[in-house]
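Notes to accompany the following structure.
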Amino acid sequence: MDYSKKTDLDLIALVKNNADSEAFLEILKRVEKLFYNVCHKYGIPLKSHGIDLNDILSERDSIIFYCVNNF
Numbered sequence: 043m044d045y046s047k048k049t050d051l052d053l054i055a056l057v058k059n060n061a062d063s064e065a066f067l068e069i070l071k072r073v074e075k076l077f078y079n080v081c082h083k084y085g086i087p088l089k090s091h092g093i094d095l096n097d098i099l100s101e102r103d104s105i106i107f108y109c110v111n112n113f
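The opening position of the sequence shown corresponds to residue 43 in our numbering, with each subsequent residue numbered one higher.
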């Protein structure tokens, strides 16, 4: 299956309904840059609340997986 031609919503459905790991990897590839941009944009405010940016960055996959399953 060519996941690169699927829409984001199709990929999310595959992950949620079929636990499709290849679909999840495609989502990761698509949102990785956005994830890092948001983390760096809000890194200083997060730090002021006691949240370490490196902790968030190291949990990238689980954070995105949580987001996909709660979309």
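The beta carbon of each residue, even a glycine, is placed where N, CA and C say it ideally should be.
- Going by DSSP, Tyr-78 is part of the alpha helix (DSSP H) stretching over 63 to 83.
- One Cα belongs to Asp-94, the other to Leu-67, and the distance between them is close to 25 Å.
- The three-state reading of DSSP puts Asp-44 in coil, since its state is none of H, G, I, E or B.
- Asn-59: member of the alpha helix (DSSP H) spanning 50 to 60, first to last residue.
- The beta carbon of Lys-89 lies closer than 8 Å to those of Leu-95 in the same chain, with the five residues before and after it left out.
- Note on geometry: alpha-carbon atoms of Phe-77 and Leu-70 lie some 9 Å from one another.
- A buried status is given to Ile-106, since no fewer than 16 other beta-carbon atoms sit within 10 Å of its beta-carbon.
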